[in-house]
Every structure is written in C-alpha cells, then in structure tokens.
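When we follow our numbering, the leftmost residue of the sequence shown carries the number -11, and every step to the right adds one. Backbone N, C-alpha and C define an ideal beta-carbon position, used for all residues, glycine too.
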Amino acid sequence: MPRPKKLSRDKILDAAIALVDAEGLEALSMRRLGERLGVEAMSLYRYVGSKAALLDGIHDALLGRMQVEPSEGPWDDAVRRLARAFRALLRDHAAALPVFATRTATGPRALAHVEQGLAVLARAGLPPAEALATFQVIFAFVVGHSMYTFAPLDGGAEPDYGSLPADRFPHLHALSRLPPTDPEAEFERGLELLVQGLRHELTD
C-alpha cells in the first residue's frame, strides 16, 4: 500500500504558485491543486481552510520571495529599491497579479515588507498616518503599472491614433508619430515623480 503524501502549508503554497504561474489564476482550485500534489482535495483543508485562505497564503508566500536590498541609506534610494524589487516580483509572477490587487497584507512575510516600507518613510520624516497613505500610493502605482505592462487584458483593440482627425484630436493624433513607449522607462518616470513629489512635500 503506498505511503500517504507528506503535506505542509509551504509545500501546498509552492504548488499553488507553480500552478498559477503555469496555467493562470483562473485554473486554481482545490481539486486541481490536489491533483498536482497527488492527494485528495479535502486533505488540503487541514492546512488552508478555504480558497480565500489559499489566496492569502499565496500573497504572503510570494512576498516572502521578494529580493530586496537592506533599507539603510537615503530614504529616497530605499523607496526606489523597494518599488523596483516589488515590480520584479510581479513581473516574474504576472499571473498572480490579481492577488495583489485584491488582497491585503495579513501574513508575516507580507507584513515584514510593509514594516520595512513604513520605517523608510518614517525616516524620511512622515508621521504614521501619512507614511501609511504614502506607502499605499506607491504600492498601488507598482501594482497598477505592472498589471498594465505584464498582464494586459486580452481582446482589447489597440488604439489607432493616426486615424483620428487631427483637427479634433491634435494631441492624440501627434502620438501616432512617436515610437512605442518603453514600459521600463515609463515605470521609472512614474516612480521618480512620486519620489520627487514626496521630497517636495517634506521640504515645503
């Protein structure tokens, strides 16, 4: 008689992430996850009590993989490092982007990154409420830009600005003569606007 498969919460979350990376978030179910692990779906509920708990676990486990340098040094450099590290994680796991757009940080690994970000912003001189609001703005920018760049919606028509009448849409029409935008440069531009805006607020 074969020995039962050894399970753990981390093993289940790793398998869930691999499934989402390979087949998309819509493919994630307890049944599919059980098949991937070679166990009955019901055996997973001992470790993750619901689909919502599984998604929360994926959120936390992925943030545990985020490679970020220490936050010492000037606060603005630390903000840039955190934002870039988060974007790199989202790029590598683009299929899981909706998880970050719909879940909040509740697990220990996710909360550790929130704590790190708040510490950087406190060092910049922001009081707690403003530090949290600023952190959320930066988080939303990274997630939103990453969804636009790494996980665009299927089936949407590409804009044809060149076909627009130039007398009614002069600025949009002019865009048709420009080269395609560089998402990396666009992200860096947006990040720098946030950092410089925060610096201006701190010194105003």
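Suppose you measure from the CA of residue i to the CA of residue j; what does that come to, to the nearest Å?
{"i": "Ile5", "j": "Arg20", "result": "12 Å"}
{"i": "Ser59", "j": "Ala29", "result": "41 Å"}
{"i": "Ile165", "j": "Pro158", "result": "Note that residue 165 is Arg in the sequence shown here, rather than Ile. The alpha-carbon atoms of Arg165 and Pro158 are separated by roughly 12 Å."}
{"i": "Gly178", "j": "Ile46", "result": "28 Å"}
{"i": "Ala139", "j": "Arg111", "result": "34 Å"}
{"i": "Arg(-3)", "j": "Asp44", "result": "12 Å"}
{"i": "Leu32", "j": "Arg79", "result": "28 Å"}
{"i": "Arg3", "j": "Ala162", "result": "For clarity, residue 3 is Ala in the given sequence; the question names Arg instead. Answer to the nearest angstrom: the Cα atoms are 48 Å apart."}
{"i": "Pro34", "j": "Met18", "result": "The question names Pro, but residue 34 in the sequence shown is Arg. Distance between the alpha carbons of Arg34 and Met18: 12 Å."}
{"i": "Leu7", "j": "Ile126", "result": "29 Å"}
{"i": "Met135", "j": "Ala82", "result": "8 Å"}
{"i": "Val36", "j": "Ala10", "result": "21 Å"}
{"i": "Leu51", "j": "Leu152", "result": "43 Å"}
{"i": "Pro167", "j": "Gly150", "result": "13 Å"}
{"i": "Glu57", "j": "Ala40", "result": "31 Å"}
{"i": "Asp192", "j": "Thr169", "result": "33 Å"}
{"i": "Asp65", "j": "Ser38", "result": "39 Å"}
Determine, using beta carbons only, whether residue i and residue j come nearer to each other than 9 Å.
{"i": "Val183", "j": "Val67", "result": "yes"}
{"i": "Gln55", "j": "Leu70", "result": "no"}
{"i": "Pro96", "j": "Thr137", "result": "no"}
{"i": "Pro86", "j": "Leu13", "result": "yes"}
{"i": "Thr94", "j": "Asp48", "result": "yes"}
{"i": "Leu222", "j": "Thr122", "result": "The requested residue 222 does not occur in the structure, where the chain is confined to residues -11 to 192."}
{"i": "Leu16", "j": "Leu42", "result": "yes"}
{"i": "Leu190", "j": "Leu106", "result": "no"}
{"i": "Glu180", "j": "His133", "result": "no"}
How should residue i be labelled, buried or exposed, when 16 other C-beta atoms within 10 angstroms of its C-beta is the threshold for buried?
{"i": "Met(-11)", "result": "Confidence at Met(-11) is low in this model, with a pLDDT of 35, below 50, so the placement of that residue should be treated as unreliable; the coordinate-derived value is given next. So Met(-11) ends up on the exposed side."}
{"i": "Asp201", "result": "Given a span of -11 to 192 for the chain in the structure shown, any question on residue 201 remains unanswerable."}
{"i": "Arg(-9)", "result": "Bear in mind that the predicted position of Arg(-9) carries a pLDDT of just 47, short of 50, making it unreliable; the figure below should be weighed with that in mind. Result: exposed."}
{"i": "Ala117", "result": "exposed"}
{"i": "His188", "result": "exposed"}
{"i": "Val130", "result": "buried"}
{"i": "Phe99", "result": "Strictly speaking, residue 99 in this sequence is Leu, with Phe absent from that position. Its Cβ having fewer than 16 others within 10 Å, Leu99 is exposed."}
{"i": "Leu186", "result": "buried"}
{"i": "Ala145", "result": "exposed"}
Give me the residue from the options with the minimum Cα distance to residue i.
{"i": "Pro147", "options": "Leu160, Ala154, Glu189", "result": "Leu160"}
{"i": "Arg53", "options": "Trp63, Tyr33, Val36, Phe74", "result": "Phe74"}
{"i": "Val27", "options": "His133, Ile0, Gly113", "result": "Ile0"}
{"i": "Arg72", "options": "Glu176, Leu152, Lys(-6), Asp192", "result": "Glu176"}
{"i": "Phe88", "options": "Leu120, Ala128, Val36, Glu57", "result": "Ala128"}
{"i": "Gly22", "options": "Leu(-5), Asp9, Glu57", "result": "Leu(-5)"}
With a threshold of 9 Å between beta carbons, is residue i in contact with chain B?
{"i": "Glu14", "result": "The structure shown has no chain B; it contains just one protein chain."}
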